[in-house]
Amino acid sequence: MSRPPVNPADKTPRSGDPEDGPKRPDETAPPVRPGALVIVALVVAAEATALLAAAGWYGYQLASGSPVLSFWGAVFTLVLLLAFAAWLYAVAVYLYRGYRWTRAAALVAQLFVLTIGFPTLSGGLVVAGLAMLLPAITAIVLLFHSSVISYASRTGGTTPAL
Numbered sequence: 015m016s017r018p019p020v021n022p023a024d025k026t027p028r029s030g031d032p033e034d035g036p037k038r039p040d041e042t043a044p045p046v047r048p049g050a051l052v053i054v055a056l057v058v059a060a061e062a063t064a065l066l067a068a069a070g071w072y073g074y075q076l077a078s079g080s081p082v083l084s085f086w087g088a089v090f091t092l093v094l095l096l097a098f099a100a101w102l103y104a105v106a107v108y109l110y111r112g113y114r115w116t117r118a119a120a121l122v123a124q125l126f127v128l129t130i131g132f133p134t135l136s137g138g139l140v141v142a143g144l145a146m147l148l149p150a151i152t153a154i155v156l157l158f159h160s161s162v163i164s165y166a167s168r169t170g171g172t173t174p175a176l
C-alpha cells in the first residue's frame, strides 16, 4: 500500500506518521529574546529620542528667529534630523522583534555616533563625548553576541504573489 503525497507546507501531522507524538518543548515554544538584544534596542531607541529632542530644540530655535545663513538649509537639516530619528525608532522596534536587517542598520548608526563622539570627547566636552561613546561601544559589542545574532535572524517572510 502506498502513502498519499505529503505537502511540506502542511504543518499538521497526519495520524499514523512516525512523527506523531508529543513535541519537544523547545520545538513549540517561541525563542527567548536575549537580554543583550533588549539592551541594544533600548540604546538605539534612546539615540532616536535624543535626535528627536535635538530636532525639537533646532526647530524651536529656527521658529524663534535665530540667525541662520540659509533658511532652507536649516529646514533641510531639521527634516534630516526628524527622518533619522524616525529611522532609528524603526530600527529599534524591528530589532526588538528580531529582524535580520536591523543588525546592519544599528551597526551603521553606532558608527555614526562614534564619528561624532570621538571629536566631542577630544574637543573637551568629556561628559557629552562619553554619553555618546559608551552606549555606542556597548551596542556594537552586543550586536556581535551570539545570542543576538541567532535571535535576530528573521527575514520578514514572503509576500503572496499576484
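Just add 14 to wherever you are in the sequence shown, counting from 1, and you've got my numbering. For every residue, glycine included, the Cβ atom is placed at its ideal position computed from N, Cα and C.
- Query: To the nearest angstrom, how far is it from the Cα of TRP115 to the Cα of GLY49?
  - Reply: Translated into positions along the sequence shown, residue 115 becomes position 101. Translated into positions along the sequence shown, residue 49 becomes position 35. Those two C-alpha atoms are separated by around 19 Å.
- Item | Stretch pair the region 97-106 + the region 130-144: three plus CB contacts closer than 8 Å | These segments do not touch.
- Could you please give the first and the last residue of the uninterrupted alpha helix (DSSP H) stretch that includes GLY87? One-based indexing of the sequence shown puts residue 87 at position 73. GLY87 -> alpha helix (DSSP H) spans 85-111.
- Query: Below 8 Å between beta carbons: does that hold for LEU92 and ALA69?
  - Reply: On the sequence shown, position 78 is the one that residue 92 refers to. On the sequence shown, position 55 is the one that residue 69 refers to. Yes, the Cβ-Cβ distance between LEU92 and ALA69 is below 8 Å.
- Task: With DSSP as the reference, please indicate the residues paired to ARG168 in a beta bridge.
- Result: If you number the sequence shown from 1, residue 168 lands on position 154. According to DSSP, which records beta bridges pairwise, ARG168 is partnered with TYR113.
- Message: Suppose the cutoff is 7 Å on Cβ atoms and the five residues either side in sequence are ignored; what does the same chain contact list for LEU95 look like?
- Response: The sequence position of residue 95 within the sequence shown is 81, counting from 1. In the same chain as LEU95, and ignoring 5 residues on each side of it, the C-beta atoms closer than 7 Å to its own belong to LEU65, ALA68, ALA69, TYR72, in chain order.
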